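Colleague:
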Amino acid sequence: MVNPPLTDDLREHLVDMWVRVTNEGGSVGFVPPVSAATIRPTADRSFDRVRQGTDVLVCLVVPTDHEKIGGSLRKNDPAKAPYTAEIDLVDTPGTDSDNRASVGLSGALTGERVVAWLLLAESESLLRRHWRTVYRVQVDPAFQGDGLGTKLMASAADHARDELGLEALTLMTRSGTGAERFYKRCGYREVGRIPGAIRVGPNDNRDEVHFWLDL
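For the sequence shown, numbering that gives the first Met the number 0 begins at 0 and goes up steadily by one.
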């Protein structure tokens, strides 16, 4: 799903996922532990760019009655499971857990849940409009292991080429997280790195690794 309506519920759902991905060790701009209050200002700026038409939000969705069972994604059997994936969320400081079941279920997403998402950012330079930057790539920790990240990246590349008419995509990640291997599997090639550009903690500097995908 591309550019679903950014309702308040969907924004909170994406922020919640961002918190959980970060606290599981994901490389999406922060280091754990974080709360929604920490991430929300950055998220709001990103979502505003989507609403303004500058950036594109690409999501993967599944029916709300699906969850990870036995290592694979399939429909939940209510007789065997006392909950659905929609309400099986980690509480985040400052969030009312009693209202969490409706998160992401409004407008075009009724009956569906976003389980992975990314953004395609347009450059402010007119000289760089033939490519975009991929950022905030994340898969819900409760749904990892089914190849959804690879499907998300492939879908984003298809949209960038077929609908936006782009010639390439680029992205950056920090070293030492395993993300480098993932992006290479998605067809990206490393085109450079800045040693020690990202400081994730005292005496812990990581390289900023730059990748490129020809479309």
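Beta carbons: idealized from backbone N, C-alpha and C, even for Gly.
Quantities reported herein were computed from a predicted structural model and do not represent experimental measurements.
(1) I believe glutamate 111 touches threonine 63 by the beta-carbon criterion, under 8 Å. Please report the beta-carbon distance rounded to the nearest angstrom.
(2) Using a Cβ-based criterion (distance less than 8 Å to any ligand heavy atom), does leucine 163 qualify as near the ligand COA?
(3) Among the residues of its own chain, which have a CB less than 8 Å from the CB of glycine 106, if the five just before and after it don't count?
(4) Assuming threonine 172 contacts serine 26 under a Cβ cut-off of 8 Å, what Cβ separation, rounded to an integer in Å, is found between them?
(5) Alpha carbons only, please: which of Met16, Trp211, Leu59, Gly24 is nearest the one belonging to glycine 191?
(6) Report the three-state DSSP secondary structure of glycine 148 (helix, strand or coil).
(7) What is the residue span of the beta strand (DSSP E) that aspartate 114 lies within?
(8) Helix, strand or coil: how does DSSP classify aspartate 203 here?
(9) In whole angstroms, what is the alpha-carbon distance linking leucine 13 and phenylalanine 142?
(10) Please list, in chain order, all residues of the same chain as leucine 168 whose beta carbon is under 7 Å from its beta carbon, the five residues on each side excluded.
(11) Which stretch, first to last residue, makes up the beta strand (DSSP E) that contains tyrosine 134?
(12) Can you give me the C-alpha to C-alpha distance between glycine 186 and proline 31, rounded to a whole angstrom?
(13) Taking proline 194 as the reference, give the member of Arg184, Val208, Pro40 with the closest Cα.
(14) In the DSSP assignment, what are the bridge partners of valine 60?
(15) When you compare only the Cα positions, how much space is there between aspartate 24 and proline 201?
(16) From threonine 41 to leucine 125, what distance separates their C-alpha atoms?
(17) Tell me whether glutamate 66 is buried or exposed, calling it buried when 16 or more other Cβ atoms sit within 10 Å of its Cβ.
(18) First and last residue of the alpha helix (DSSP H) that includes leucine 13?
(19) Starting from threonine 176, follow the beta strand (DSSP E) in both directions and report where the run begins and ends.
(20) Taking DSSP as the reference, what is the three-state secondary structure of valine 27?
Modeller: Quick answer:
(1) Residue 111 sits at position 112 when you count from the first residue of the sequence shown. Residue 63 sits at position 64 when you count from the first residue of the sequence shown. Yes, they are in contact, since the Cβ atoms of glutamate 111 and threonine 63 sit about 6 Å apart, within 8 Å.
(2) Among the ligands in the structure shown, none appear at all, so the ligand COA cannot be discussed.
(3) Against the sequence shown, residue 106 aligns to sequence position 107. Confidence at glycine 106 is low in this model, with a pLDDT of 37, below 50, so its placement is unreliable and no value can be given for it.
(4) Walking along the sequence shown from the start, residue 172 turns up at place 173. Walking along the sequence shown from the start, residue 26 turns up at place 27. With a Cβ gap of about 6 Å, threonine 172 and serine 26 count as contacting.
(5) By one-based count along the sequence shown, residue 191 stands at place 192. Glycine 191 has its Cα closest to that of Trp211, out of Met16, Trp211, Leu59, Gly24.
(6) Sequence index remark: in the sequence shown, residue 148 carries index 149 (1-based). DSSP places glycine 148 in helix when its eight states are reduced to three.
(7) Along the sequence shown, read from residue 1 onward, the residue named residue 114 stands at position 115. Residue identity differs from the one stated: residue 114 is valine in this sequence, not aspartate. Per DSSP, valine 114 belongs to the beta strand (DSSP E) from 111–120.
(8) As a working note, residue 203 is residue 204 in the sequence shown. If DSSP states are grouped into helix, strand and coil, aspartate 203 belongs with the strands.
(9) In the sequence shown, the residue the question calls residue 13 occupies position 14. In the sequence shown, the residue the question calls residue 142 occupies position 143. Cα-Cα distance, rounded: 14 Å.
(10) Here residue 168 corresponds to residue number 169 of the sequence shown, with the count starting at 1. Closer than 7 Å at Cβ, skipping near neighbours: Trp130, Arg131, Val133, Ala156, Ala159, Leu212, Leu214.
(11) Within the sequence shown, numbered from 1, the residue matching residue 134 stands at position 135. Where tyrosine 134 is concerned, the enclosing beta strand (DSSP E) stretches over 130–138.
(12) For the purposes of this step, residue 186 is taken as the residue at position 187 of the sequence shown. For the purposes of this step, residue 31 is taken as the residue at position 32 of the sequence shown. Using only the alpha carbons, I get a separation of about 29 Å.
(13) Numbered from 1 along the sequence shown, position 195 holds the residue referred to as residue 194. Closest option to proline 194, Cα to Cα, is Val208.
(14) Here residue 60 refers to the residue found at position 61 when the sequence shown is read from its first residue. DSSP, once it has assigned bridges, lists Val113 as partnering valine 60.
(15) The residue labelled residue 24 in the question sits at position 25 within the sequence shown. The residue labelled residue 201 in the question sits at position 202 within the sequence shown. Aspartate is not the amino acid found at residue 24; the sequence shown has glycine there. Straight-line Cα distance between these residues: approximately 17 Å.
(16) Residue 41 sits at position 42 when you count from the first residue of the sequence shown. Residue 125 sits at position 126 when you count from the first residue of the sequence shown. So the two alpha carbons sit approximately 25 Å from each other.
(17) Stepping through the sequence shown from its first residue, residue 66 is reached at position 67. Result: buried.
(18) Numbered from its first residue, the sequence shown carries residue 13 at position 14. Per DSSP, leucine 13 belongs to the alpha helix (DSSP H) from 7–22.
(19) Taking the first residue of the sequence shown as 1, we reach residue 176 at position 177. It is not in any beta strand (DSSP E) - threonine 176 carries neither H nor E in the DSSP assignment.
(20) For the purposes of this step, residue 27 is taken as residue 28 along the sequence shown, with counting starting at 1. It is coil, neither helix nor strand.
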